[in-house]
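Those letters in the sequence shown? Residues 20 to 124, by my numbering.
Cβ atoms here follow ideal geometry from the backbone N, Cα and C, with glycine treated the same way.
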Amino acid sequence: MIEVKGSVIDKHTRCVHYHSERDVIAIKFYCCKTYFPCVHCHEQHGCGKHVVWPKERFHEKAILCGVCQTELTIEQYMTSNYHCPHCNAAFNPGCQLHAHYYFEM
20 MIEVKGSVID
30 KHTRCVHYHS
40 ERDVIAIKFY
50 CCKTYFPCVH
60 CHEQHGCGKH
70 VVWPKERFHE
80 KAILCGVCQT
90 ELTIEQYMTS
100 NYHCPHCNAA
110 FNPGCQLHAH
120 YYFEM
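Right under this line is the structure:
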């Protein structure tokens, strides 16, 4: 099982900031290569150096499905239509509003 740091409240990677039924992903932060449920968790418990994933690295695994523990590349996640391609768990489409916190746009 991959470790997810931050204010995690359950085994599906939900945190105190985002905990709806669909908030089941964690993001590996480029700056510290550590998984956190959200940018707020990284700000509170992370490395202190917030750096977003550059576009040329979107082929790397950086998204963790909190339901099946499958690691996805950023490209897979961005083209997933908000569902895990492995277990079909629904992801929160609202996360797209925060993409700029994680990925070069």
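Residues near T92 in its chain [Cβ-Cβ closer than 8 Å; skip 5 each side]
As a position in the sequence shown, residue 92 is number 73, starting the count at 1. F77, H78, E79, K80, A81 and I82.
Near S26, which residues of its chain fall below 6 Å by C-beta distance, leaving aside the five closest residues on each side in sequence?
Here residue 26 corresponds to residue number 7 of the sequence shown, with the count starting at 1. For S26, where only same-chain residues beyond five positions count, the Cβ hits under 6 Å are C34, V35 and C60.
If you count every other CB in all the chains shown that lies within 10 Å of the CB of D42, and 16 or more means buried, which is it?
Along the sequence shown, read from residue 1 onward, the residue named residue 42 stands at position 23. It is buried - the Cβ of D42 has at least 16 other Cβ atoms within 10 Å.
Buried or exposed (CB count within 10 angstroms, at least 16 for buried), K30:
Position 11 of the sequence shown, counted from the start, is the residue given in the question as residue 30. Exposed: under 16 other Cβ atoms inside 10 Å.
Whose C-beta lies closer than 8 Å to the C-beta of G65 among residues of the same chain, with five residues either side of it excluded?
Here the question's residue 65 lines up with position 46 in the sequence shown. These residues qualify, in order along the chain: K24, G25, F48, C50, C51, T53 and F55.
C128 bridges to which residues according to DSSP?
Residue 128 cannot be examined here, being either before or after the span of the chain that is shown, 20 to 124.
Please name the residue or residues paired with K47 in a DSSP beta bridge.
Working through the sequence shown from its first residue, we reach residue 47 at position 28. Answer is Y54.
If you draw a straight line from the C-alpha of F110 to the C-alpha of P73, how long is it?
As a position in the sequence shown, residue 110 is number 91, starting the count at 1. As a position in the sequence shown, residue 73 is number 54, starting the count at 1. If I take the Cα positions, the gap works out to 22 Å.
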